[in-house]
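Enquirer: The opening residue of the sequence shown carries number 12 in this note's numbering; numbering runs sequentially from there. Where is the CB? At the ideal position from N, CA and C, for every residue including glycine. Mind having a look at this structure? Questions to follow.
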Amino acid sequence: MRRHRVHTQQALAVNARVVIRGKPAHYLGRVLRLAVGDVIVLFNGDGHDYLAELVQAGKAEFSLSVLEQLPAVPEAGLRISVVQAISRGERMDQTLQKCTELGAADFLPLNSERVEVKLGQDKLIKRVEHWQGVVVSACEQSGRAVVPKVHHPVSFREWIATDQGACRLVLTPGAEKSLAGVTFSNPVELVIGPEGGFSESEMEWVAARGVQTVSLGPRVLRTETAAPAAVAVIQALAGDFAL
């Protein structure tokens with residue numbers, strides 16, 4: 012039987028006592044309606060799952076005892092970083108959620124010329140915290156025990172100027188090469204533009220830096236659809252979906 016998984020930022024080890032408060036406590040009490048003696052799985056991003064038993068239940072907090080360390084779902088062999096032009100509201104959430112479920116390693120939100128979302132510093136910090144919460148929830152659902160990080164957004168030029176040796180791929184409708192024809196090296200940076208695509212000047216920077224442009228076939232996908240579709244293709248080609 013599949014057990015419910017809950018994320019915590021606390022250290023986890025066999026025989027440790029963990030106290031859950033806030034939204035996770037509401038989920039345990041009001042949604043799952045756990046009782047003393049029930050067991051769930053905890054994870055904190057260290058790459059392991061932990062079986063834990065509820066030993067004390069209150070109105071606002073739950074105390075659990077860690078029983079054992081469990082084998083966790085293995086991470087993908089190919090490290091895929093998703094460099095995603097910032098999109099509005101649920102579109103960005105959908106990209107983060109689905110790419111996390113599909114095994115993306117981390118996320119770099121991108122401010123390009125045609126990005127319509129303009130955020131001040133305070134709102135930006137809150138938005139990144141929200142995005143990280145979306146990723147954590149996707150890990151709870153998908154069984155991942157390593158939590159991908161959502162980095163602080165950067166401009167297109169900041170990204171293009173920072174080359175750390177990854178296999179950089181910019182999804183571009185009409186590109187001569189298909190994503191399915193790429194020979195991948197590890198790691199991969201998958202770059203997705205905004206709804207209106209990258210500007211001509213930005214694509215000139217891509218060409219000048221020798222970054223590969225690739226297509227996903229004859230159809231033009233929405234920005235929130237493109238990244239999950241591309242991650243799925245890459246994972247399939249790399250063998251991550253093999254049984």
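Where does Q95 land, buried or exposed, given buried means 16+ other C-beta within 10 angstroms?
Expert: Start at 1 with the first residue of the sequence shown, and residue 95 comes out as number 84. Result: buried.
Enquirer: Can you tell me the Cβ-Cβ gap for L201 and V242, rounded? I've got them flagged as a contact below 8 Å.
Expert: As a first step, residue 201 must be located in the sequence shown, where it is residue number 190. As a first step, residue 242 must be located in the sequence shown, where it is residue number 231. Right, their Cβ atoms sit about 7 Å apart.
Enquirer: Would DSSP call S212 helix, strand or coil?
Expert: Along the sequence shown, read from residue 1 onward, the residue named residue 212 stands at position 201. If DSSP states are grouped into helix, strand and coil, S212 belongs with the helices.
Enquirer: I need the boundaries of the alpha helix (DSSP H) containing A247, first residue and last residue.
Expert: On the sequence shown, residue 247 is found 236 positions in, with the first residue counted as 1. Note, A247: alpha helix (DSSP H), T234 to A249.
Enquirer: So is A22 buried or exposed if we call it buried at 16+ other beta carbons inside 10 Å?
Expert: Against the sequence shown, residue 22 aligns to sequence position 11. Burial call: exposed.
Enquirer: Return the Cβ separation of L53 and T106 in integer angstroms, given the expectation that the two are a contact with Cβ distance under 8 Å.
Expert: As a working note, residue 53 is residue 42 in the sequence shown. As a working note, residue 106 is residue 95 in the sequence shown. Actually they are not in contact, since the Cβ atoms of L53 and T106 sit about 27 Å apart, beyond 8 Å.
Enquirer: Taking three-plus beta-carbon pairs below 8 Å as touching, is the stretch 150 to 162 in contact with the stretch 175 to 193?
Expert: Result no; under three Cβ-Cβ pairs closer than 8 Å.
Enquirer: Helix or strand or just coil, what does DSSP make of D133?
Expert: What you label residue 133 is simply residue 122 of the sequence shown in a count that begins at 1. Reduced to three states, the DSSP call for D133 is helix.
Enquirer: What residue does the beta strand (DSSP E) around D104 start on, and which one ends it?
Expert: Position 93 of the sequence shown, counting from 1, holds the residue named residue 104. Here D104 belongs to no beta strand (DSSP E); instead the alpha helix (DSSP H) covers G100 to E112.
Enquirer: Pull up the DSSP beta-bridge partners for A96, would you.
Expert: Residue 96 sits at position 85 when you count from the first residue of the sequence shown. L121, per the DSSP bridge assignment.
Enquirer: Could you tell me which residues DSSP puts in a beta bridge with F54?
Expert: Taking the first residue of the sequence shown as 1, we reach residue 54 at position 43. Residue pairing by DSSP places F54 opposite H18 in a beta bridge.
Enquirer: Looking only at C-alpha atoms, which of I97, V244 and A219 sits nearest to I171?
Expert: On the sequence shown, position 160 is the one that residue 171 refers to. If we check each option's Cα against that of I171, A219 comes out closest.
Enquirer: State the start and end residues of the unbroken alpha helix (DSSP H) segment that holds E64.
Expert: Along the sequence shown, read from residue 1 onward, the residue named residue 64 stands at position 53. Per DSSP, E64 belongs to no alpha helix (DSSP H); it is in the beta strand (DSSP E), D60 to A68.
Enquirer: Give every residue of the same chain whose Cβ lies closer than 7 Å to the Cβ of G83, excluding the five residues on either side of it in the sequence, and list them in chain order.
Expert: What you label residue 83 is simply residue 72 of the sequence shown in a count that begins at 1. Note that residue 83 is Ala in the sequence shown here, rather than Gly. Cβ neighbours of A83 beyond the five flanking positions: G58, H59, D60 and A156.
Enquirer: Could you have a look at F73 and say whether DSSP puts it in helix, strand or coil?
Expert: Here residue 73 is taken as the residue at index 62 of the sequence shown, counted from 1. F73: strand per DSSP, three-state reduction.
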